[in-house]
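K.L.:
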Amino acid sequence: MMDAINKKSREELVAAIVRTLALFVVLVFAGPALAQTYPAKPVRIIVPFAAGGPTDVIARIVAARLTESLKQQVYVENLPGAGGNTGTATAAKAPADGHTLLVVSTGFMVNPSLYAKVPYDPVKDFQPLTLVAESPNVLFAHPSVAAGTVKELIDLVKANPGKFSYAQPSTGSTPHLSAELLKLTFGLDMVMVPFTSAALAVNATLAGHTPIGFTALPPAIANIREGKLRGLAVLAARRPAALPNVPTMTEAGVREQDAYTVTGLVMPAGAPKDIVARLNREVAVIGKLPDVRSRLEALGFIPVLNTPEEFGARIKVEMAKWGKVVRDAGLRIE
2 MMDAINKKSR
12 EELVAAIVRT
22 LALFVVLVFA
32 GPALAQTYPA
42 KPVRIIVPFA
52 AGGPTDVIAR
62 IVAARLTESL
72 KQQVYVENLP
82 GAGGNTGTAT
92 AAKAPADGHT
102 LLVVSTGFMV
112 NPSLYAKVPY
122 DPVKDFQPLT
132 LVAESPNVLF
142 AHPSVAAGTV
152 KELIDLVKAN
162 PGKFSYAQPS
172 TGSTPHLSAE
182 LLKLTFGLDM
192 VMVPFTSAAL
202 AVNATLAGHT
212 PIGFTALPPA
222 IANIREGKLR
232 GLAVLAARRP
242 AALPNVPTMT
252 EAGVREQDAY
262 TVTGLVMPAG
272 APKDIVARLN
282 REVAVIGKLP
292 DVRSRLEALG
302 FIPVLNTPEE
312 FGARIKVEMA
322 KWGKVVRDAG
332 LRIE
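Residue numbers for the sequence shown follow my numbering, beginning at 2 and rising by one.
(1) Among Pro-273, His-100, Ala-243 and Pro-123, which has the Cα closest to the Cα of Leu-218?
(2) Could you tell me if Ala-147 is buried or exposed, where buried requires 16 or more neighbouring beta carbons within 10 angstroms of its beta carbon?
(3) I need the straight-line Cα distance from Arg-45 to Leu-80, nearest angstrom please.
(4) One question on the structure: do Gly-85 and Pro-49 come within less than 8 Å of each other, judged by their Cβ atoms?
(5) Rounded to the nearest angstrom, how far is the Cβ of Glu-181 from that of Val-326, given a contact under 8 Å?
(6) With DSSP run on the structure shown, which of helix, strand or coil describes Leu-201?
(7) Assuming contact is defined by CB atoms lying nearer than 8 Å, are Phe-127 and Leu-233 in contact in what I supplied?
(8) For Ile-155, collect the residues of the same chain with a Cβ closer than 6 Å to its Cβ; drop the 5 residues on either side in sequence, then sort them by chain order.
(9) With a CB to CB cut of under 8 Å and the five nearest residues on each side skipped, what residues in its chain are close to Arg-239?
(10) Tell me, which residues are paired with Glu-69 by DSSP?
(11) Here's the rule I'm using: 16 or more other beta-carbon atoms within 10 Å means buried, otherwise exposed. How should His-143 be labelled?
(12) In or out: Glu-135 buried (at least 16 other Cβ within 10 Å) or exposed?
(13) Compute the distance between the beta-carbons of Gly-54 and Ala-168, then report whether it is under 8 Å.
(14) How is Phe-127 classed by DSSP in three states: helix, strand or coil?
(15) Taking the alpha helix (DSSP H) that Leu-80 falls in, what are its first and last residues?
(16) Measuring straight from C-alpha to C-alpha, what distance separates Gln-258 and Asp-329?
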């Protein structure tokens, strides 16, 4: 009797081991097999902002080239709303099969500190793919403003508390937080006027509705070059090649104000590693193409194209840096 029981137990143990080994084989080989058949359908790149801004521009450049290299349609879907939270939440809930990508800017990293409730966790809910490019923010003014330098603008605003307004593209964006950092540093009283896109913020300053503007460089660069807006300072360590005649904040005599709008790609957490690696390689190749690189630089972007691990580390750095500004400025959206 005992021999029969022992025999049955051994058979069950062997069967369990076989099942475990079979599962291991499936897991080992499923990833490469999935990567070989990827993409099995059109790939969607979600832009959580309106068309025309820096994230949208980069998304469309990447989508067009990925369509060629993947031999499958890659399309852009704009889902603006709630400072980027609407589109980001949609991406977070998408299947982690590599067929949904999300273009993120610094707001993706700031919103958890800014909003009382955020429908995503930038670290837990997403797999970093690459930081495609970054762009320094720029401070500009309508030509009618009686200030030709940053220091003159600071003095002018100090002498007229509450009388100057500034345009910015989205509450919690780095242009907005750049303005808040300047206000905190010098005790300035300026009225913030938020818009739903950088293009609208630039247009408001062009029309004189807001005398001052803070945006990433690309949306403002053409009007600054043409003299329709007065570029007061680029918030970067060095002058960008696309705008060599505008000083940096440090050159303007104001230190520790550097601020970049980062634009990268992430995917829903749990995406197959082989697909993550492949897309990282594909985007890196695209970003290094001479015509793509020159176009990005002409628009005021600085190509980066780092690894998923490096981009993940940058996300955490940006979260810590701008989270402090949000807290110090007492910003909160319920």
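Cβ coordinates follow ideal geometry from the N, Cα and C atoms, glycine included.
Source: prediction; values computed, not measured.
P.N.:
This is what the structure holds:
(1) Nearest C-alpha to Leu-218 among Pro-273, His-100, Ala-243 and Pro-123: Ala-243.
(2) Result: exposed.
(3) If I take the Cα positions, the gap works out to 12 Å.
(4) Taking 8 Å as the Cβ cut-off, Gly-85 and Pro-49 qualify as a contacting pair.
(5) So it is a contact: roughly 6 Å between Cβ atoms.
(6) In the three-state scheme derived from DSSP, where H, G and I count as helix and E and B as strand, Leu-201 is classed as helix.
(7) The answer is no: Cβ separation not under 8 Å.
(8) Once the five neighbours on either side are set aside, the close Cβ partners of Ile-155 are Phe-187.
(9) Around Arg-239: Thr-249.
(10) DSSP lists no partner for Glu-69.
(11) By the neighbour-count rule (16 or more Cβ atoms within 10 Å), His-143 is buried.
(12) Glu-135 should be labelled buried.
(13) Not in contact: Gly-54 and Ala-168 (Cβ atoms no closer than 8 Å).
(14) In the three-state scheme derived from DSSP, where H, G and I count as helix and E and B as strand, Phe-127 is classed as strand.
(15) Counting along the chain, Leu-80 sits inside no alpha helix (DSSP H), nor does DSSP assign it H or E at all.
(16) In this model, Gln-258 and Asp-329 are separated by some 15 Å (Cα to Cα).
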